[in-house]
Structure formats: C-alpha cells, structure tokens
Amino acid sequence: MPTSFTSINPATNTPIATYDAHTDAEVDARLQRAHEAAIIQKSRPFEERAARLHALADALESRPDEWGALMTREMGKPLSQAKGEAEKCAWVCRHYAEHGADILSHKTVETDAQRSYVRYEPLGTVLAIMPWNYPFWQAFRFGAPALMAGNTMLLKHAPNTMGCAEAIEQLCVEAGFDSGEVQTLRIDEDTVSSCIADRRVQAVTLTGSVGAGQAVAQQAAAQVKPTVLELGGSAPFIVLADADLDAAVDTAVQARMQNNGQSCIAAKRFIVEAPIADAFTERVAATVDALTVGDPTDPATDIGPMARADLRDTVRRQVDRAVNEGATIAAEAEVPADTDGFYMPPTVLTDVVPGSVAFVEEIFGPVASIVVAADAEDAVDLANDTQFGLGGAVFTQNIERGEQIAQQLEVGCAFVNSMVKSDPRLPFGGIKDSGYGRELGAHGIREFVNVKTVWVE
Ligand code: NDP
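Next comes the structure, spelled out in structure tokens:
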C-alpha cells in the first residue's frame, strides 16, 4: 500500500501536491459512515435529495474557474474545456434533481392482485472507481443519479487526480450533504478489493480500461454484487460520399482531439467512402497540422499535454508500431520545444487497414486513423469489426440512410451528423468490451436500485 499519492502537473512535470493514503482504520471509518448515512438516505424524501443536488449545482456554477483550474493543473486539459466540464456537472445535478422523483415514482401494474406496483429503492453504498480523464464529470455522471436514488457514494479516484477527488468531497459538504454521503477513498487496488468484499458496500461502478473493468467485475461477481462498467472504445466515424464535408471535417477533428484525445467516446477510426477519402484526408490533415499544442491554461491552446508520461509513451509506441505495419503519417502538429511536459503531437494516420494496431487497439491520445471504405455497406462492416461497442457516428446528407446505418452500428450510442457525446437526458454506455449497464437518462438512475415488486391481495 503506498503511503501517499502525488499529483504531477503534466504540462511541466512538476509535483503539485501529495495526499496521504488512508490507513486501514480510516478506510473502515469511511465505510461505516457511508453505511450509516445510507440508512438515513433511504428514507430521505425526494424533495430533500433534490434540494441538495441543486445546492451542489449552485456550488459548481459559482466557481467554475476554480474547478476548471484544478482539473487542468492535474490532468492537462485546456482550461476552457475544464470549465465546461464543471458546468456540465451542474447540469447533471439539476437534471436528476428535477426528474429523478418522477422516474423513480411507484409504477402501478394491473394484475389480479388488489394492488400491485413496482418500487425503486436504493441499494445502499456504491463504490465508484473513476479515471482521471474527466475527473469531475465521470464522478458526477455516476454520483448525481445515484444520490438522487438514495444511495451513498465512495469515490476511489485515479491516483493522479486526488486533488479533484478532495474538491468533489468538499463541494458536497458545502452543498449540505451529510459527511457519510459522499466520501473519497485514497487507496490502492488491494484495498479496493477488500472494499468490494466488505458487506457495507452493495455495488460497484468503474470507468476505465477493459483490464480494470474485468478485474473489478470478477471480484464483485464473487460477492454477487452488481456492477456497471464504462470501459474503452474505438468509435467509428463514418463519412459517406454525400456528406457535408465542411461539417464532417470540423466535427471529426473536434471529436478526435477534444480532451487532448483522451476520451472513451472520441472518434478513433475515421471510415471514409472512397470517392471523398482524399479530400477528407487532406482537409483533416491540414486542420490537425494547424492545431496549437501547448500550455493548457493559455486560451490560444487547442491541445494540452497528455495526463501522464506513461500514457504518452504508450501512444507514441502505438504510432511507431502502426507505421511499421504500413500506416502513413499524414499530419503531425508541432509540440512545444524545451519542455518537460507530456506532449504528444496530434497525428493523422492513413493507410490503416483492418487487423492493424491503429484499427484494432484503442489509441487513447490525439491520433486519428483514417480507413477507406469501398461503399456504405463496407463502411458498416469495418465499423463493427472491433472488440469495442461504445459509440459511433455517421455523416451523410441522406438522413434516412444515416439513421439506417446508426441502427446497424454495434454500439450503445449512435449519432447521425454529430459527434458522440453524453447528455444527462439520454442513456450512455456500451456493449462488447466497452462494458455493460447504463449511466444517465432514466436507465442510469435505475442501475443502482432494488426494483421491488409489491403485491397486495
Ligand atoms: P485504468 O483503467 O487503469 O484506471 C482507471 C481507474 O481504475 C483508476 O481509478 C484505477 O486506479 C482503477 N483501477 C485500475 N485497475 C484496477 C484494479 N485492478 N482494481 C481496482 N481499481 C483499478 O486506466 P489508466 O489510467 O491506467 O489508463 C490506461 C488506459 O485505460 C487508457 O490508455 C485508456 O485506454 C483506458 N481508459 C479509459 C477511460 C474511459 O473513459 N473509458 C478512462 C481512463 C483510461 P489505480 O490507478 O489506482 O489502479
């Protein structure tokens, strides 16, 4: 067990702060507080839960600059995107404050009983294992519906974003939550295992890599505890020959490069119908070449550093392997010279074919892979030729055809003429190796509840 966690500014490779790991006794005390708070939460009326979520949204909206700066400092996303993330967290809190009670109200079902209905009761304490890439959003995306449903939350955040974890806990205290309702756990994987096994934890959710999801889900299954897994993706972005090329190019670059290329739903494989492949590639390459890479606090910056040196090195190696396999680098933006920051040049790869690294593996960094499809049918086949199934997009001016293709994509979220994005009003999640269960929407708030049948004769 490490004794502390140090967050490093990825733009400069300098330490920001060190956080002591929780001792076994502290972990036990936190589990107990969560358990006791869960008993109180269960009978707390919806109006009170909603009022707390509104207060949390107020706290987020009152100082987005502060939360944004913290995220940028710890993981390097451009400051404007980080502020936007804080604002989106406020949105998800308000969404569930306004709609949660309705979604979770008793549903009467006509049977031969005198009265029969379905109740949605909280499960208790949910352990949330979260990554660094959207250090606020990932926690709120799970937390807002889970709290509205009457659960309590233990947040095991990524070791490099412990400052964000602390801020989230403090925000909840400021918003009037009881001390046991939202707590962080500064722990390593071994202690995560004992928490999963602890009888005071009723369920587990994880956002992260496929390997992490497999490890955690196995442990939870051994305890017969439910899990939601939101894992990686290699989202296809299909561009048909009749697409509005301006819109497709602009959205393609944004969909790939936002968050410094570190997003599970980022478009990763650009599958382009042959007649427009050259034009699309040229324009995407020119746009990527012109991106400004640098200090994420500078408003002129499009792309900041990657979050950790090892993540940057992994992406570099993937690009090298792709080139060895025959891919061509069509664009490579400049990165700042004379810096110790973890910069990876935004890159465009062409000549990417099925079975190759850039097609098969998730590249979790600012690297776009362009694949040429013979026709729309071939594009769909290529899109579905992957272990992942999180999101996918198709660009075409024929909306009906676009919708047909959206329905054929083996993904949890399919978009026509738009990049894949999460929205509190709609369910979000994947199939295949991208995980299971749903967050957000009406489905998300029902993941961690006991769907209870009541029959009165
Ligand atoms: P991980 O999946 O290793 O980490 C995500 C979270 O899971 C962290 O809190 C991590 O904590 C925890 N975790 C990992 N393994 C275990 C385990 N066996 N038991 C308990 N908790 C665990 O991601 P990395 O940060 O190492 O990034 C590696 C790759 O993961 C990326 O390149 C990307 O492909 C993918 N990823 C996907 C994300 C998504 O949004 N779907 C987000 C982040 C990463 P700890 O580090 O303490 O183990």
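Per full-length UniProt numbering, the sequence shown starts with residue 1, numbered consecutively.
Backbone N, C-alpha and C fix where the C-beta goes; we use that ideal spot for every residue, glycine too.
In this text, all values refer to a predicted model and were calculated from it rather than measured experimentally.
Can you check whether the CB of Ser179 is closer than 9 Å to the CB of Arg33? Counting from one through the sequence shown, the residue named residue 33 turns up at place 33. Counting from one through the sequence shown, the residue named residue 179 turns up at place 179. Yes, they are a contact pair.
N- and C-terminal bounds of the alpha helix (DSSP H) containing Arg73: Locating residue 73 in the sequence shown gives position 73, counting from the first residue. Arg73 -> alpha helix (DSSP H) spans Pro64 to Met75.
3-residue-minimum beta strand (DSSP E) runs that sit fully inside the stretch 223 to 291, ordered along the chain: 227 to 230, 235 to 239 and 267 to 273
Under the three-state DSSP convention, the category Ile39 falls into: Taking the sequence shown and counting its residues from 1, one reaches residue 39 at position 39. Helix at Ile39.
Presumed contact (8 Å Cβ cut-off) between Arg200 and His35, rounded CB distance: By one-based count along the sequence shown, residue 200 stands at place 200. By one-based count along the sequence shown, residue 35 stands at place 35. At roughly 4 Å, the Cβ-Cβ gap stays under 8 Å, so Arg200 and His35 are in contact.
The ligand NDP heavy atom lying under 8 Å from the CB of Val192: For the purposes of this step, residue 192 is taken as residue 192 along the sequence shown, with counting starting at 1. Yes, the beta carbon of Val192 sits closer than 8 Å to at least one heavy atom of the ligand NDP.
Would you mind working out which of Ser418, Arg425, Gly444 and Arg44 sits nearest Ala248, comparing C-alpha positions? Mapped onto the sequence shown, residue 248 falls at position 248. Ranking the options by Cα distance to Ala248, first place goes to Ser418.
Roughly how many whole angstroms lie between the Cα atoms of Thr111 and Asp423? The sequence position of residue 111 within the sequence shown is 111, counting from 1. The sequence position of residue 423 within the sequence shown is 423, counting from 1. C-alpha separation (whole angstroms): 36 Å.
For a test of the three-state rule: what should DSSP assign to Pro145, helix, strand or coil? Within the sequence shown, numbered from 1, the residue matching residue 145 stands at position 145. Three-state result, Pro145: helix.
Straight-line CA distance for Glu334 to Ala307? Here residue 334 corresponds to residue number 334 of the sequence shown, with the count starting at 1. Here residue 307 corresponds to residue number 307 of the sequence shown, with the count starting at 1. Going from the Cα of Glu334 to the Cα of Ala307 covers about 18 Å.
Quick one: does the C-beta of His157 sit closer than 8 Å to a heavy atom of the ligand NDP? Walking along the sequence shown from the start, residue 157 turns up at place 157. Yes, Cβ of His157 sits closer than 8 Å to a heavy atom of the ligand NDP.
Indicate the three-state DSSP secondary structure (helix, strand or coil) for Ile16 in the structure shown. As a first step, residue 16 is located in the sequence shown; it is residue number 16 there, counting from the start. Note: Ile16 maps to strand in three-state DSSP.
With DSSP as the reference, please indicate the residues paired to Gln183 in a beta bridge. In the sequence shown, the residue the question calls residue 183 occupies position 183. In DSSP, Gln183 forms a bridge with Leu154.
Is Leu229 near Ala144, with beta carbons less than 9 Å apart? Position 229 of the sequence shown holds residue 229. Position 144 of the sequence shown holds residue 144. Result no, Cβ atoms of Leu229 and Ala144 do not sit closer than 9 Å.
Check for me: the beta strand (DSSP E) holding Ser116 runs from which residue to which? Residue mapping note: residue 116 aligns to position 116 of the sequence shown, counting from 1. Counting along the chain, the beta strand (DSSP E) containing Ser116 begins and ends at Arg115 to Pro122.
Using a Cβ-Cβ cut-off of 6 Å (strictly less than) and excluding sequence neighbours within five positions of Arg256, which residues of its own chain qualify? In the sequence shown, counting from the first residue as 1, residue 256 sits at position 256. For Arg256, where only same-chain residues beyond five positions count, the Cβ hits under 6 Å are Ala266, Ala267 and Ala368.
Are at least three pairs of beta-carbons, each pair with one atom in the stretch 427 to 442 and one in the stretch 401 to 414, less than 8 Å apart? yes
Just to confirm before moving on: does the CB-CB distance between Trp132 and Glu47 stay below 9 Å? Locating residue 132 in the sequence shown gives position 132, counting from the first residue. Locating residue 47 in the sequence shown gives position 47, counting from the first residue. No; because the gap between Cβ atoms is not below 9 Å, this pair is not in contact.
How big is the Cα-Cα spacing for Ile187 and Val253? Along the sequence shown, read from residue 1 onward, the residue named residue 187 stands at position 187. Along the sequence shown, read from residue 1 onward, the residue named residue 253 stands at position 253. Distance between the alpha carbons of Ile187 and Val253: 37 Å.
Would you say Ile431 touches the ligand NDP, meaning its beta carbon is less than 8 Å from a heavy atom? Working through the sequence shown from its first residue, we reach residue 431 at position 431. Checking every heavy atom of the ligand NDP against the Cβ of Ile431, none is found closer than 8 Å.
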